[in-house]
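Engineer: Residues 33 to 536, numbered by my numbering, are exactly what the sequence shown covers, in order.
Cβ coordinates follow ideal geometry from the N, Cα and C atoms, glycine included.
Note that the structure is a prediction, hence the values are computed from the model and not measured.
Can you read through this structure? Questions will come right after.
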Amino acid sequence: MGNDYIEAARVFHEVTKHSYTSVRSSPHFLDWDNKPLPYKIYPGAASIPLPRDLNLSSTPTLAALSSYVPADFSAPIDTAALTRILFCADGLTRQKKVGDDDYHFRAAASAGALYPIEIYVAASEVEGLETGLYHFSPADLRMAGLRRGDWRSYLADAAAQRLSIRNARAVIALSAIYWRSEWKYRARAYRYCYWDGGTILANLLAAAAAEEISAEVITAFEDPALESLLGIDGEREGMIALVALGRTDEAATSSPPVEPLALETIPLSSNEVAYPDLVKMHHESRLATADEVAAVSAAKVRPSRSAPNANVLQLETITSEESAGLGETILRRGSSRAFAQEAITAEELATIMAASSDHPQADFPALTDTYLIVNAAEGLEPGAYYYNRDARAFELLKAGNFRGEAGYLCLEQPLGMDCSALVVYMADLERALSAFGNRGYGDAHLEAGILGGRAYLAAYSLGRGATGLTFYDDDTTKFFEPHAAGKSPLLMVALGVPRGRTKS
Ligand SMILES: Cc1cc2nc3c(=O)[nH]c(=O)nc-3n(C[C@H](O)[C@H](O)[C@H](O)COP(=O)(O)O)c2cc1C
Numbered sequence: 033m034g035n036d037y038i039e040a041a042r043v044f045h046e047v048t049k050h051s052y053t054s055v056r057s058s059p060h061f062l063d064w065d066n067k068p069l070p071y072k073i074y075p076g077a078a079s080i081p082l083p084r085d086l087n088l089s090s091t092p093t094l095a096a097l098s099s100y101v102p103a104d105f106s107a108p109i110d111t112a113a114l115t116r117i118l119f120c121a122d123g124l125t126r127q128k129k130v131g132d133d134d135y136h137f138r139a140a141a142s143a144g145a146l147y148p149i150e151i152y153v154a155a156s157e158v159e160g161l162e163t164g165l166y167h168f169s170p171a172d173l174r175m176a177g178l179r180r181g182d183w184r185s186y187l188a189d190a191a192a193q194r195l196s197i198r199n200a201r202a203v204i205a206l207s208a209i210y211w212r213s214e215w216k217y218r219a220r221a222y223r224y225c226y227w228d229g230g231t232i233l234a235n236l237l238a239a240a241a242a243e244e245i246s247a248e249v250i251t252a253f254e255d256p257a258l259e260s261l262l263g264i265d266g267e268r269e270g271m272i273a274l275v276a277l278g279r280t281d282e283a284a285t286s287s288p289p290v291e292p293l294a295l296e297t298i299p300l301s302s303n304e305v306a307y308p309d310l311v312k313m314h315h316e317s318r319l320a321t322a323d324e325v326a327a328v329s330a331a332k333v334r335p336s337r338s339a340p341n342a343n344v345l346q347l348e349t350i351t352s353e354e355s356a357g358l359g360e361t362i363l364r365r366g367s368s369r370a371f372a373q374e375a376i377t378a379e380e381l382a383t384i385m386a387a388s389s390d391h392p393q394a395d396f397p398a399l400t401d402t403y404l405i406v407n408a409a410e411g412l413e414p415g416a417y418y419y420n421r422d423a424r425a426f427e428l429l430k431a432g433n434f435r436g437e438a439g440y441l442c443l444e445q446p447l448g449m450d451c452s453a454l455v456v457y458m459a460d461l462e463r464a465l466s467a468f469g470n471r472g473y474g475d476a477h478l479e480a481g482i483l484g485g486r487a488y489l490a491a492y493s494l495g496r497g498a499t500g501l502t503f504y505d506d507d508t509t510k511f512f513e514p515h516a517a518g519k520s521p522l523l524m525v526a527l528g529v530p531r532g533r534t535k536s
C-alpha cells in the first residue's frame, strides 16, 4: 500500500474510464437541491480586503505564456501584484443567471463550472500584507487570515528542502474539495480536480511571468504536514500543488509550531457524498514521510518513445505583439459553447500550440504527449497529427476528414465535430507511475491541465475560441494508434471559431 503500490492508480484509471456503453448505462443523475457551494467560507476568520482597482497586465498574452523568470531576477511582490496573480488565477470574472441558478464564472475554466480548487497563500515578504497564512476568497476578493507567522521553513521541511520554497516571498497552496466535482462526475472527479488545478496554474504562471515574478510548481511534499497547516483532512479536501513565488535573500530559518486550526467553514451542501474509489486513489497517492518525498524528488523518468516520422511540418507563428494583453485575455476568456465549422489559419494553430507547450517550471518532468485532430486549418492538411513539443513540429499520422471521429470521441459533443482542431493530451501512464508512483498520476493530469489552460489563453488572445472536453478513453487511444499505443488520453481542448461571433 502507499505511493509505490501503483496497481491503485491502474485500477482507478480503469474503473473511471468513459465508454459508449458506460455513459449510457450510468444511473447517476444530478441532484440540484444538493449542488455544492463553489466557495469555502470561514465566517469566524479575520477578513482582509484586497485592492480592487486591479490594473491587470497589458503584457502580450503569448509573451506571458512563454516567458520564464529566473529566480535571481524576480521582482519584489506587493499586495497589488499578489492580488493580480490571484485574480488572474481564480478570480470571479462573470456572473450569469441560468434558470433559478446564479452562475459565478472564474478566470480559469473548470469542468462543469464546479470549481473544486481552493487557494491558500503563505505570505512572507509581500509588501502591505502581514506575514501569515491566508485563504483566498474569490467571491468578494478578500483573504481570510488563518495563521500568523512565516511558514516557509515548515513548508520547505515538508518538500525535501526545496530552495525555491525556503527563499520564496510567498508560497501558494492549491487543494481540491472533491465533493464539488464528485457531485457531477463521481469518482472520475479526481482527474477533473487535477485538470482544474492545471487551468488555474496556467493562468497563475502567466500572471506571475507578466509581473516578472518567478514561479515554480511543486508536487513532491509531505501531505500530512500540508493538511495540518491548512486545517484540511486529506480525504474530503486534499492537496494538489504548491507554487513558490518570487525570491528573497532572507531565507526562512524557522516557523512557529502548528496548532490545530479551529476555524469553522460553511457547509457546501446538505449532504456530501464520498466516492470510495476516489478516496482510495488519493490515499494511495499521498506522500506520508520525508523519505517518500525524497524518493519522488530524486526519481528519473525514462525517455518517452517517439517513432520517427517522415511527414514533419514546422509552421510559421504569429509574433507575441499581435496577441491581446494578458488582463484583457483573462477577462475575455470563456468556453466556446458552439463552433462554426470554419477554419483558423495554420499559423494561428501553430502559435497556440507553441505558446502552450513548454514544460512549466516544476519539480516533475514532462509526462504528456500532444496529439491533434485537425478539422480545418487553412494551410494544413486535415488529419490526425502528433505535435512534437520539443521541435514545435506537426507530424502527420493519417490524412483525412475526421470530423465525425472528433465529434464522437469527445462524448459525441458537437463541439468536437465543429471545432477547427481538437488537441488531445495523452500520457504513457506506466512511464509516469513507474518513476513517481501513484503521485505521477496527478502530475500527468496537472501537466495536461496546465498545457490545456495555456491553449485556452493563447486562443482567446488571438480572438479565437476554445473549450475543454472530456472523452471516451479507450476509443481515443485506438484512434491515434499505432503511434499512441499504450498512452491514455488525459484531457481534450477544442480550438476554433465560435459560432455567431466574428474575430475581435
Ligand atoms: C477539464 C475540463 C473539461 C471540460 N469538459 C467539457 C465538456 O466535456 N463539455 C463542455 O461543453 N464543456 C467542458 N468544459 C468547459 C466547462 O464547462 C467551462 O469551463 C465551465 O462551464 C466554466 O465556464 P467558462 O470556461 O466559460 O468560464 C470543460 C472544462 C475543463 C477545464
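With hydrogens ignored, establish whether the beta-carbon of G481 is closer than 8 Å to any heavy atom of ligand 1.
Structural biologist: Within the cutoff, so yes.
Engineer: Between the C-alpha atoms of V101 and F44, what's the straight-line distance to the nearest angstrom?
Structural biologist: Each residue's Cα considered, the two are about 37 Å apart.
Engineer: Quick one: is the Cβ of D505 within less than 8 Å of any heavy atom of ligand 1?
Structural biologist: No, the beta carbon of D505 sits no closer than 8 Å to any heavy atom of ligand 1.
Engineer: On the premise that I232 lies in contact with D122, defined as a C-beta separation below 8 Å, what is that separation, rounded to the nearest angstrom?
Structural biologist: Sure, about 5 Å apart at Cβ, within 8 Å.
Engineer: Would the stretch 403–418 and the stretch 449–464 be scored as touching if the rule is three or more Cβ pairs under 8 Å?
Structural biologist: As far as the Cβ criterion goes, the stretch 403–418 touches the stretch 449–464, which means the pair count is three or higher.
Engineer: To the nearest angstrom, how far is the alpha carbon of W183 from that of F253?
Structural biologist: Their Cα atoms are separated by approximately 14 Å.
Engineer: S246: which of D104, T361, N470 and T48 sits nearest, CA to CA?
Structural biologist: Considering only alpha carbons, the answer is D104.
Engineer: Have a look at S536 and S493 and give me their C-alpha separation to the nearest angstrom.
Structural biologist: With a pLDDT of 47 at S536, under the threshold of 50, the modelled position of this residue cannot be trusted; read the value that follows with caution. Using only the alpha carbons, I get a separation of about 10 Å.
Engineer: Of all the options A239, L165, D110 and C225, which has the alpha carbon lying nearest to the alpha carbon of F119?
Structural biologist: Checking every option, the nearest Cα to that of F119 belongs to A239.
Engineer: Could you pull the start and end residues of the beta strand (DSSP E) that P308 belongs to?
Structural biologist: Where P308 is concerned, there is no enclosing beta strand (DSSP E), although the alpha helix (DSSP H) it sits in stretches over P308 to S317.
Engineer: Pick out whichever of R486, H477, E39 and G230 has its Cα sitting closest to the Cα of A95.
Structural biologist: Closest option to A95, Cα to Cα, is R486.
Engineer: If you run the structure through DSSP and keep just helix, strand and coil, what is S536?
Structural biologist: With a pLDDT of only 47 at S536, under the threshold of 50, the placement of this residue in the model should not be trusted, and no figure is reported.
Engineer: Output yes or no for whether 9 Å exceeds the beta carbon distance between L310 and A219.
Structural biologist: Yes, the Cβ-Cβ distance between L310 and A219 is below 9 Å.
Engineer: Which residues bound the alpha helix (DSSP H) around E46?
Structural biologist: First-last of the alpha helix (DSSP H) with E46: E39 to V47.
Engineer: Taking its Cβ as the centre, do 16 or more other Cβ atoms sit within 10 Å of L447, making it buried, or is it exposed?
Structural biologist: L447 comes out buried.
Engineer: Report the residue from N433, D460 and A145 whose alpha carbon sits nearest the alpha carbon of C451.
Structural biologist: Among N433, D460 and A145, the Cα nearest to that of C451 belongs to N433.
Engineer: Excluding sequence positions up to five away, which residues of its chain have a Cβ less than 7 Å from the Cβ of A112?
Structural biologist: Once the five neighbours on either side are set aside, the close Cβ partners of A112 are P83.
Engineer: Please determine whether the Cβ atom of L441 lies at a distance below 8 Å from any heavy atom of ligand 1.
Structural biologist: Not so, every heavy atom of ligand 1 lies at least 8 Å from the Cβ.
Engineer: What is the DSSP secondary structure of E427, reduced to helix, strand or coil?
Structural biologist: Correct three-state label for E427: strand.
Engineer: Would you say the beta carbon of L523 comes nearer than 8 Å to a heavy atom of ligand 1?
Structural biologist: Indeed, a heavy atom of ligand 1 lies less than 8 Å from the Cβ.
Engineer: Got a sec: does ligand 1 put a non-hydrogen atom nearer than 8 Å to the Cβ of T508?
Structural biologist: No, ligand 1 has no heavy atom inside 8 Å of this Cβ.
Engineer: Which class does K216 belong to by DSSP, given the choice of helix, strand or coil?
Structural biologist: Helix at K216.
Engineer: Is there at least one Cβ from chain C nearer than 9 Å to H314's Cβ?
Structural biologist: Protein chains in the displayed structure number just one, and chain C is not present.
Engineer: Mind checking whether the beta-carbon of F61 lies closer than 8 Å to any heavy atom of ligand 1?
Structural biologist: The answer is no for F61.
Engineer: CB E269 to CB Y217, shorter than 9 Å?
Structural biologist: For E269 and Y217, no; Cβs fall outside 9 Å.
Engineer: State yes or no: is the C-beta of L173 within less than 9 Å of the C-beta of L124?
Structural biologist: In contact: L173 and L124 (Cβ atoms closer than 9 Å).
Engineer: Cβ-heavy atom distance between D122 and ligand 1 below 8 Å?
Structural biologist: D122: no, Cβ never under 8 Å from ligand 1.
Engineer: Run the proximity test for D182: is its beta-carbon closer than 8 Å to any non-hydrogen atom belonging to ligand 3?
Structural biologist: Of the ligands one can find in the structure shown, namely ligand 1, none is ligand 3.
Engineer: Where do the ends of the alpha helix (DSSP H) carrying P446 lie?
Structural biologist: Run containing P446: P446 to D450, per the alpha helix (DSSP H) assignment.
Engineer: From L412 to A234, what does the alpha carbon distance come to, in whole angstroms?
Structural biologist: Answer to the nearest angstrom: the Cα atoms are 27 Å apart.
Engineer: Quick one: what's N420 bridged to in DSSP?
Structural biologist: Answer by DSSP bridge pairing, in chain order: A425.
Engineer: When you compare the stretch 248–262 with the stretch 490–506, are there three or more beta-carbon pairs, one atom per stretch, that lie closer than 8 Å?
Structural biologist: No, because fewer than three Cβ pairs between the stretch 248–262 and the stretch 490–506 fall closer than 8 Å, the two stretches do not touch.
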